[in-house]
Structures are given as structure tokens and as C-alpha cells.
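Protein chains in written order, with the working numbering: chain A, 1 to 364; chain B, 365 to 728; chain C, 729 to 1092; chain D, 1093 to 1456.
Right, dumping it as C-alpha cells:
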């Protein structure tokens, strides 16, 4: 059964291979009447594009998006929104010499095991280029969320042992690491430069937050909000860990410390004094900020010689050249935001189904 | 849209409230011809039952399961398997005095926010009693997996700051903490006793492993094996973090350290020298052991007085009495195993759809 | 992939075999806050029950339904509603002598072909007894629809060549054929008696109508309202044809005859002068009455000797004794109504997702 | 919830508006390793194209398809197959004068009722041009079916009162009506010419058959093979009735006439003497020919003046000019075949999930 669709009522299907003609997505389930401009999409794609800085890889493509359906006179029509980006800078010959050798840490072996063969050009569909479709779809989701007062922010929290100590939101998009701590960001850039010189790569942690999420989103029992967030984040290439709120830190806490007391806020609504729970209780949003962290492994593509095997199992040495990121973190930020946006848009709509009578809360 | 179903082709729907007439599940999509006995189900339910030991809560029910459909002459028929357990020891009056007060760390407030009201008796559907359906369904999944040579093991890895240092698999079911390190298990029990005396609760970490998983399971791009595992684990009550393989540890590793070199094993198959990747690459199983960790928060129900609000937002003090676990870990183990079994059974079947021609690998 | 679930957001899963312990269903996705009483369910089950009259079979069971979950203090809670009926009058020995012989017109052979074996007792899951779950779920759907002013009526339109010529709605539940034409109903009863004497059975046509359906229900392009109705009706045992509005009659009409002119109704809303379209245009409801007809084959169980083969393909003669309906029509009526109710409830809720802002129209 | 996806494991999502930039589809779930060439797709698209003959409308487009993903070195890779056709001959000005007037028999009013507004250019997404995506996807499905020895044939059975009396399969693609009876085909063409002169349109019936379908396809109880076929056919624009096998004719038959006796065929397999059941019993294929008929209403677009209302409900007269088919039948044939192919491909794959062990039957 195919696995290229995400979401239940706000659904995105991505398609396309790294070196095929194009990559793209179809968003099905976006409600009619949402103002949408191609610039809304392009802005987010520009944020994820490679070749943006010296910490990222050097593939140079404009990644210019086209909207092929679902928008009429500047508004969504309720029909599927298909968006695509043609691939223009695919250099498949870089990959020919490794097409029969399994790169360690990559999907080469497992795709062969699954399908019997694979499109080896640039990683085929396992390439991070697939995330273009996610970011385009996420941009539609963000537009919808914004209408209801929900905003997202993501940033690099940690690279190797360097962790942001200051949270200056305005700083995030100012530095090439997308780190909210200017001082630590500078150290991170140095560390990336060093790793590149050493033909190696670095892991790290990205954090994403959502604000303005109304209480009530999330569906017991399997589609809890954190369950769909967990799935969304673990579906991003390279992610090996996901936390909500206090995350693994809860192991060290007692109930008396971890429980967040409820209070009445000044505006009469109910909130919590602290936010160990990360905005979700019992699988449903509380109205507090949703806080998600994801751990990204160091990119598997390194130029050092590595031991591996070929398709027949013979031991071989491999060196992975080409245009690769020594760290995935800055480009991961818009992808993680997009995935969180997709989850929230889906659950925002699903909440309309929860009660016999329902009142909408659009501020539009 | 309802969220009570898990899985794509091997699907389980759970239903039931803590103090309603019964809890149960329907498994739809189990292939025909699987030998299945009610004892296979009961054994797993007995492992999750409360009142098993002094570290668990004191609700005393036999939790005797009935199979109502889908099995004929000892084999599954390919039709839905419905199983149920009647609730016999529900003491709803324990909850009457707190039905209008929001317990910190619980789902009371968010369920009211979502649905407008809730079944407050014993937590209603947000009760951990819902996991009976998961464990029953998981037992069917395990039976299917066993047919293909796949086995699972789970255990308590860490309670507060106490972490198992020895892995003695035979020890796991011998101690009431389900910890593979006998010495640390004893310390954990002491720590639980202490927490109970102090009217408090403790968090911790459970680890689950799957062995014998063939390479090729997992569906790019959104239904990656780790994505569905992440969703499964985050859907369990109290879980705030999930890791695969190296998990958050990847943040501190370099590519040259984290990449697992491929080798040819003695039996001619391809494997890896190390297992930082936790058995999954590119969202697809490699054949190495699948390793998952999940962080469980300290149970929210503590007998200390806590500050909170009532339905109207008025500040009130609450004390949560009744039969509650000071730690959820030992009972979490069979639930986590069940969820992993559900994911693997689903993907084992889905893999049959991946190629035009397909050969099955049952050892039955 | 399992096929025991119907609906997208208002979902019903049925389960159970004719001679297993019980049959039932789970409704997932019913919104919270709907007043629901077990009597609402029992009333519909009583309408479909066998042994009601001399035109129906003689299996005698009370078919008493239990609600096991999802209702609290007389209202739905938004959680799954599981309902079951225990089987009490199963006489499996009637079937033992034909368990290896394929009854013509029945599912015996195809179930063996699909699953390798089958529960042969009373037809197992292919028995019409499975429709108990549908009718129970349909009763919940009807309760929801009624809240929004939508009502359904079904009846026997035709038996063999006897077709109702008068539509007297009050007459329908007065005669055992559920035919709206008292005179024709009497002829039908005679015809059924004759067929029984001749050890034969009769086909016919049931019609179902829905009133008060607001314009706008139905989802382009594959989940058109008529597509989901078509699926619903064809999923009922014995159905071989389905029509919407003019149905097959459109083959003989010209566009100038078949097009229904739009008009402004007295209340200012838009309607059509005629209703060839049967309440659906472009897959979306118009607000006019929805009209559906379904053709039911003569029951395959007849007591005459018939030629067939056994499991090994050997020619054998078979006589199907037991308690069988010479016509399925009167009992088909509540099943067809239930299926239409399920489709409409599903699409009523889905329509809440169609626009960025949405106003509900409950009259509750 | 979106309705633009069809199928469960072999899934197609179509997208695009009549006068938008492009129309297309994504096929997700096609197994890896299927030989596929763009010519396989183009051939079927050419069959549905307009402007083919004097019985069809005059929109002139090459409808040249591009495959953007999912195929590598002539074989499917198991990843999504996206195909598109750019719209090149859209003349939207034809529609400007009727954008606020509701064409009788069309989806104008219902789309406005659903979404609040609509893309009125050429019918937007309710245009039959959407079926390009279906036919492209169906061509992939046919390629898969052919590998397993399953073939399809469709034809015009009846136009108005003219019904084919001879079945000469070789004749079908020779005449512009796609009628298997050459003599009747000629009469049909005359009748179409006459209708065009009279500014009117004609209804009719298409029949589709599938051969070589193995016994065992179809999923009890809701996803019966005829249920998914019913949904598929009713999702095609203009369809108001669907029959399987004997269809509505069963109303007039007795059980002793309608039951098809089982026999052992010469090759040792089990079959039936007659085929009233149309290849499906109990929702599962028998191995006999699958026979489906669908009734298509006369096209709603006629050039005669018609009474209707505008968006505000004011009575207006409308004349629908432009390029319209006086009959939809010949172009409906490839669409109906495509839909049947999609259903069968889906169920062929789903059958792999039915048993614990499974042996594939590809003849490839």
C-alpha cells in the first residue's frame, strides 16, 4: 500500500525523483475560499533551497514552483492543488560509479531489498529533494493556519555539542544556521567549516513551536496530536528522535514536578502555569505553545573512504563525492515547520467534526 | 474524523471507556489461516493487568477476554476479529468529587475543550484501560509475526536516574519492574516504594526490540517504518519522546562515526557492522535489530494536593485518590510491544504489494 | 486490505458471523452531543428481524442490542460506539451436510477461492445476519440526520412483475411487504405464498428516498454522492442493480426532456421543476428529494434439488433446507435505508470541511 | 474530506480544471517492476480524445501526456507515477456570459452551493476533461492486469432505443460509435446527426466486460467487488444507473432461473453453466466474465433555449453554445474501461493480503 500521502482531511501526496523530470505535490482537502498566491509557496521553497550559503550543498536550481490546479482568481476552489518544480540541475553521472555500491547510512540497500531495483540517480526518490513537495504543501497549510491565528517558528537548537543559550527570535533568519543565538550561531558555522575540511558531517537538533493553537485539536486515541506530529517528524529523512515538551527529560522528573497546574488567564481562558507538557495533554492541544524537537543524524554522504559492499555482497571501498551538506540543520528548519503545519491544518479541520454543532473560529 | 483505528492493512480499532460496560477491539485485515487461540490473547492481557505487583495500581479485575468473531476451528478466517473484556471493578464514585475539577497532567480539560463534555468516570476513554484493546490486537499481530520468524522483546531501561547496566533477557519477566538488570531492578523497586510514600510518581524509559525483521519493510515517503513506529509509540498515553537506534545521541556524532558499514554476513546476506541506525535506513528495515526507546512521564495522578481550576476556571485544590500506579513502566512494556507488533504486522503485509511478483517468506 | 469498514468520517465497521457468538458494529466518528437511546437502535433492528411475518424466514431471535461504549448520560461522547447482538438461535447442524457442497448463487465457492477455507455455519460472515451491524449503525446515523431535518423512507416498489402503482406512505409499514400500494401488496403476498409452495424464490426492486437533504453534499470527483450511494447499495447482499433518479430510463430520454429546469422556490431557495436527476447533480445534492432504486435477486436458497459441485469439483445434487426467505424485499427495506443514512451522515459531516469558514445548520 | 482519490492499495488521485494550466493524475501503489512506456498511456488517451469524429465535440487538443515520475529505465519503480496533459485549447470566453447562470443538468448550482463559488471556465473541475487523469491511470492498471492475463473490453450497447443485436468484438473500434453491431452502429450515427440538427442530445448504455479475472477478488463486506465497481461507475459524469450481470432483470427472475449451477470445467477448475451473476458472487469474483452496464444520461449541454435561474435566483433563459457532444457514449467507453481496470488492479493486489501464505499468479 502506497505511503506517499500524509494527512487525513488535509492531505498531501508528494511525488518525484531527484533526477527525474520534476518533483511536486498535490494538496487535496484544502477548503475553498483561502486566499493563495504563488508567492506564498515560492517564499517557503526559497527558504529550503540548496546553495543558499556555505553551510549547504552547491546544487544550484531556482526551484521555481508552478501551481497547476485548484486556485481561481486568487482563492482556493476546494479542488486539488497540484504544484510542481522542474528539475534542471540534475547531474546523474556523479552517481554512475556508485550505482552498484551501497552507500553506508543511505537508502540504497534497503530500496533494492524492497523493490528489487531502484532509480539510483541522485538517490532517486529517497533524496531530500522530495521535501520540495512537503514545503510547498506546508506553505498552503501555513496560509490556512494564519487565517485562524496560528503561527509557527523553527530553528536550529543544537549542532554537535553547541546549543543555543539565548532565544532571540529575530535572529533566526539572520544567520545561515537559523540559530536564535547569534553568538552560538557563529561557533556553529566554524564547526561546519571544520567538518567540511575534515570530510565529515555533523548531527544536531531542531526545535519547532506553534502558537495560537486553540485547545481541542487532536483525535483520541491513535491520532493524538503528538502521534501525528511524531509520524510527521519521523517521516523526514535523517530524523532519529522526536520529543514533545519536556521530552526525554520526563524520565528524571516526578509527577509533582512535571504536572503543569491549571490557571485562569487574564482573558478568562484556561491555561497552565508551566509547559512541561508542550501544549498537548491526552493527545489534545491545551492552547499552550506546542513544542517539538527532532534529532537529525549527521548526513550520511561524506567524502572519506568508507567500507561497504556492492549489490552482490562483495566488500568494496566507496567515496561519496558530489554536492552534499555537511549539516542538514538550516534546511531542515523549513521542512520541519512544513510538517508541523500539515499536522495542525489537518487537525484544525478534523476538529470541525467533533461535535454535533460546531462554531468556526476563523479571524478572517 | 475518527482516530480510533491504527494500521493500514492490518487494522485495529479499539473502543470502550474505563467505567463503561466493556472495552475491546476489532482487528480487521488479519490474513486467513493463522492459528489463533484465546490463550494467545489472554497471556498478553495478563502481562498488562493491574494489581500484579506492589509497583502497580490496585484495580482488581481478571480482564478475561472473549473472541466474538473471526476465528473458526482454531484459525483466523480473514474476517474481523472482535475481542472484548467486560469491566467488572469500576468504582465511579471515586471520581464524582473531581468531575468538575481538571486534574493537572490529565486529559480532563482538553476533552472538555474538544467535545464540550466528557465521560468523567475513571478518565473515560482517556484511561489507560483503553490499552487492553491494543494488547489484545497486538497479541494477534505477534502470532502472525512469529509465523514469519519475527520476535519482540521489551523492558524497563530506566526509572528516574536508575538505568539498567546489564542486559539479561531472561531476567526481564522475573522482576516486577521488567528490568533486564536484576541489581538495578531491586533499586528501582525501592525507589517506587519511596515515591509512593511521598505521594509522588516517577518517569522513565522503556526499550523495545524486534528481531528477525526481514529487510524491505517500510513505505516511502510518509509511511517510513520509523514514522509509523513513532506514531504508534506517541499514541500510547504518557509518552513524550521516542528514539530509533542512536536516537538523540546522533546530535553528538559525526557521519564517520554514525554510518554503519555494510558487510556480507556468513550466511551470504547483507548486514551492518554496527547498528546506530536501529534497523531502519531510508524508512525501510535493513534486517538488523529494530531498536526503539520511549520516554514515559511520571503518572499525573498523585495524592498530593495540587492547584488547578474547575470547569468555570475558578481556582481549586485537588487531591487525586484511588488506585494509581506510582510508575507506569512495567505495564507499559507489553503495550509498547503490542504497538510495535501492530506496526510490523502491517508493514509485513504491505510489503506484499511492493513488487509485481512477490514471494512469501513464511516459515510456517 | 480489509473491507469491513464503510464511510470516511462517519465510519462503521461491522463484524461477526451468522453462527459465531455475536454480531455487531463499531461506529467511529459520530460527533459528540447527539442524544441517543438504546431504543433508537432496537426499533430499527426490530424492523429487520426475521420471523416477523409469513413472507420471511423463521429464525427466531430477539436480536436484543447492547451499547457497550460511546454513550454517556444519554448522549454520544465522540468516542466509538460499539453495539452487539448475541446469536442465540444458531442451528449449525442444518449446514453440516452441505459444508463441502457449493450452493448455487451463494458465496460458498468464492469464499473458499479467496481464503482457502470458510466458516460454513449458516453462511458464516456472508450471511445476511451481518446486516444487523449495518442497521444498528444506520440507526445512529438516522438520529444524527434527524437533528438536521433529514428523513428517509424506503419501501418495496416491485416484486417479480408486480409494481406499486400508488404511493401511500402511511401504508408502507402496515403491510408485511412494506409496499406503499395496499392493493398490490396483497397480490405480492399471494405471489410469495405461491413461490414458497413451489420451493422457489422471487426478485424485486426496493426504492429509498431522502428528504430535507441540504444542497452541497457530495465530494467531487470520486466520492460523488451517487458514487458512495452506489457503493453502499451494491455492498448489500443480493443487489445486482442500482439507479439514481431516472436511472436506466435516461437511455431513452433526450437532453431537452431529461434536464430539470431550475426555479426559485417560494421560500427564495433554488430548486428544480422536475426531478429526473434524483436529487444529485455533478455528484452533489441539489436539495431535491434523493431517489435510489436497487434490484435484489431472488434468494439463492431454494429447496428444489439443484446441480452443483463439491469442493473437489465433483458433480453433486444439493437441496438447501432451513429457514429461508422466499423474498428478501421487506427485510431489505430497513437495510437499504440504513445504508443511505450512513452515506448521508458521512457527507453531511464532510461538508463541514468544504469551506474556510462554515456555518452549521442543525435545527437542534 | 477530499474526494479526488480512488482505490485502496492501487490508488489514483486526479487533479486539474478544464481551463486551468493542466490536468493529470498520480498513481500511487503500482508495484515495482512493471514494464511501462509512455505509449501505453498515450494510446488510451487518444481513444478518449475529443474531435475524433462527427459524433463528438470539436475541442481540438493533442492531449499529449508526460510521465513526470515513478518510471526508470522502462519499468515502474514502486514510487508515485505522476502524469499530466497541458491544456492548450481552452476558450474561456465562451463561458463568460453564462458564469452567473445555472445550466440545467449541470453542476454549476451545486458547486456554488457547496463551495460558495466556482471556477466557471469550461465547467472547471466538473468538466469531463477530468477523466483524462482517469484514463491515464487506467492505462497503467491495464498494463498491470495484462501481466496477470486479465483483459477488458467496452462498447456502446444502446443509444436511445437502438440496441446492439450482434456482438462482433472486432467491429467495436471500427465504427465511431464503438458499437459491436455494424448495422446498428450506422443507425446510431444517423440518430446522432439528427439530434444535433435538432439541438438536442441522446442517452444510452455502455457495457464493459473483464476476462481472465481469477476467482477470489473482492473484499467482504463493504468492499465487495460489485460495490467498488458500482462506486467507480457512478463516479463517472452523467451515469445514473449501474448493473452487474443480470442487473435489474433479476427482479423478474425466480431463484431456480437465476441461480447459475456450478460445474467442473475441462481444465479441472470450477465454473458456472450460465452467468446471470456477472462474474461476482458474495462480492467475490468467480472466474466467470465480469459484466457491467452503465446508463449515461443525454448530455446536459444543448443549444436550445432553456429556462433556469441566475445566482440570485432570478428567472433567465440560457442557450449553451460551444463544443459539446450530442452523445457521450463512444468517449465514455475508454473511461468506463479505465475505471473497471482501476477496480480490478486494486483488488488483484488486495487479494495478496487475504491469506497467511500467498502464491502469486503472474504469467509474466
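Built from N, CA and C at the ideal position, the CB exists for glycine as well.
Note that the coordinates shown come from a computational prediction; the quantities given were computed from them, not determined experimentally.
Self-check item: Separation of residue 777/C from residue 790/C, as counted between CA atoms
Solution: About 8 Å.
Quiz item: Does the segment 1381-1401 of chain D come close enough to the segment 1184-1202 of chain D that 3 or more CB-CB pairs lie under 8 Å?
Solution: Counting Cβ pairs under 8 Å, three or more are found: they touch.
Practice problem: Let me know the secondary structure DSSP gives residue 222/A once reduced to three states. | Solution: In this structure, residue 222/A counts as coil in the three-state DSSP scheme.
Quiz item: Based on the DSSP secondary-structure assignment, which residues constitute the bridge partners of residue 449/B?
Solution: Checking the DSSP bridge columns, you'll see residue 449/B partnered with 387/B.
Quiz prompt | N-terminal and C-terminal residue of the beta strand (DSSP E) that residue 673/B is part of | solution = Note, residue 673/B: beta strand (DSSP E), 670-673.
Quiz item: Can you check whether the CB of residue 1223/D is closer than 9 Å to the CB of residue 1328/D?
Solution: In this structure, the beta-carbon distance from residue 1328/D to residue 1223/D falls below 9 Å.
Practice problem: Look at residue 863/C and residue 1020/C and say whether their C-beta atoms are less than 9 Å apart. | Solution: For the 9 Å CB-CB criterion, residue 863/C and residue 1020/C do not form a contact.
Quiz prompt | Under the three-state DSSP convention, the category residue 1345/D falls into | solution = In the structure shown, residue 1345/D sits in coil (DSSP, three-state: anything other than H, G, I, E or B).
Quiz item: For residue 264/A, which residues of its own chain have a beta-carbon under 7 Å away from its beta-carbon, when the five flanking residues on both sides are left out?
Solution: 270.
Quiz item: Do the CB positions of residue 1157/D and residue 1128/D come within less than 9 Å of each other?
Solution: Not in contact: residue 1157/D and residue 1128/D (Cβ atoms no closer than 9 Å).
Exercise. Output the distance between the C-alpha atoms of residue 1218/D and residue 950/C, rounded to the nearest integer angstrom.
Key: Spanning the alpha carbons of residue 1218/D and residue 950/C requires a straight line of approximately 11 Å.
Self-check item: Close Cβ partners of residue 662/B (< 6 Å) along its chain, the five nearest in sequence each way excluded
Solution: Hits under 6 Å: 565, 566, 567.
Quiz prompt | Start and end residues, beta strand (DSSP E) containing residue 133/A | solution = First-last for residue 133/A: 131-147, but that is the alpha helix (DSSP H), not the beta strand (DSSP E).
Self-check item: Closer than 9 Å to chain B by CB, residue 732/C
Solution: Using a CB distance cut-off of 9 Å, residue 732/C counts as an interface residue toward chain B.
Exercise. Taking residue 910/C and residue 903/C to be in contact with their CB atoms under 8 Å, please state how far apart those CB atoms are, rounded to whole angstroms.
Key: Approximately 6 Å separates the beta-carbon atoms of residue 910/C and residue 903/C; this is inside 8 Å, confirming the contact.
Quiz item: Got a sec: is the Cβ-Cβ distance from residue 843/C to anything in chain B below 9 Å?
Solution: Yes - at least one Cβ of chain B is within 9 Å of the one on residue 843/C.
Quiz item: Between residue 241/A and residue 294/A, which are expected to be in contact by the criterion C-beta below 8 Å, what is the C-beta distance as a whole number of angstroms?
Solution: Indeed, because the Cβ distance is near 7 Å, the residues count as touching under 8 Å.
Quiz item: Does the Cβ of residue 387/B have 16 or more other Cβ atoms within 10 Å, making it buried, or fewer, making it exposed?
Solution: A residue is called buried once 16 or more other Cβ atoms fall within 10 Å of its Cβ, and residue 387/B is buried on that count.
Exercise. Tell me whether residue 1089/C is buried or exposed, calling it buried when 16 or more other Cβ atoms sit within 10 Å of its Cβ.
Key: Residue placement at residue 1089/C is flagged as unreliable, the pLDDT there being 48, under the threshold of 50; a coordinate-derived value is accordingly withheld.
Quiz item: Which residues bound the alpha helix (DSSP H) around residue 1188/D?
Solution: According to the DSSP assignment, residue 1188/D belongs to the alpha helix (DSSP H) that extends over 1185-1188.
Quiz item: Can the beta-carbon of residue 651/B be found less than 9 Å from the beta-carbon of residue 608/B?
Solution: Taking 9 Å as the cut-off, the Cβ atoms of residue 651/B and residue 608/B do not count as close.
Practice problem: Pull up the distance between the alpha-carbon of residue 521/B and that of residue 405/B, whole angstroms please. | Solution: Straight through space, the alpha carbons of residue 405/B and residue 521/B are spaced by roughly 25 Å.
Practice problem: Look up residue 706/B in the DSSP assignment and say whether it is helix, strand or coil. | Solution: The DSSP-derived three-state label of residue 706/B is helix.
Quiz item: Hey, residue 1429/D and residue 1234/D: beta-carbon distance below 9 Å or not?
Solution: In this structure, residue 1234/D lies closer than 9 Å to residue 1429/D by Cβ.
Self-check item: Limits of the unbroken alpha helix (DSSP H) element including residue 110/A
Solution: Start and end: 108-115.
Self-check item: Contacts of residue 147/A in chain D (Cβ-Cβ under 7 Å)
Solution: The contacting residues do not exist; residue 147/A stays about 15 Å from chain D at best.
Quiz item: What residues in the segment 1423-1443 of chain D bring their beta carbon closer than 8 Å to a beta carbon of chain C?
Solution: Of all residues in the segment 1423-1443 of chain D, the ones placed with a Cβ closer than 8 Å to any Cβ belonging to chain C are 1442, 1443, in chain order.
Quiz prompt | Residues that residue 1356/D bridges to, as DSSP identifies them | solution = Beta-bridge pairing by DSSP links residue 1356/D to 1362/D.
Practice problem: Please name the residue in 411/B, 373/B, 717/B, 473/B whose C-alpha comes closest to that of residue 216/A. | Solution: It is 473/B whose Cα lies nearest to the Cα of residue 216/A.
Quiz item: Using a C-beta to C-beta distance shorter than 8 Å, which residues of chain B count as neighbours of residue 281/A?
Solution: Under the 8 Å cutoff, chain B gives 469, 470, 471, 473, 474.
Practice problem: Under 8 Å between beta-carbons, which chain A residues line up against residue 588/B? List them in chain order, please. | Solution: The contacting residues are 3, 234, 235.
Quiz item: From this set, 1300/D, 1288/D, 1347/D, 1339/D, which residue's C-alpha is nearest residue 1414/D's C-alpha?
Solution: Residue 1288/D is the option with its Cα nearest to residue 1414/D.
Quiz item: Just to confirm, are residue 8/A and residue 352/A a CB contact at a threshold of 9 Å?
Solution: A distance of 9 Å or more separates the beta carbons of residue 8/A and residue 352/A.
Quiz item: From the DSSP output, which residues share a beta bridge with residue 883/C?
Solution: Bridge partners of residue 883/C: 935/C.
Self-check item: residue 248/A, DSSP secondary structure in three states
Solution: Here DSSP, grouped into helix, strand and coil, assigns residue 248/A to helix.
Quiz item: Between residue 1173/D and chain A, is there a C-beta pair that is closer than 9 Å?
Solution: By this cut-off, residue 1173/D is an interface position.
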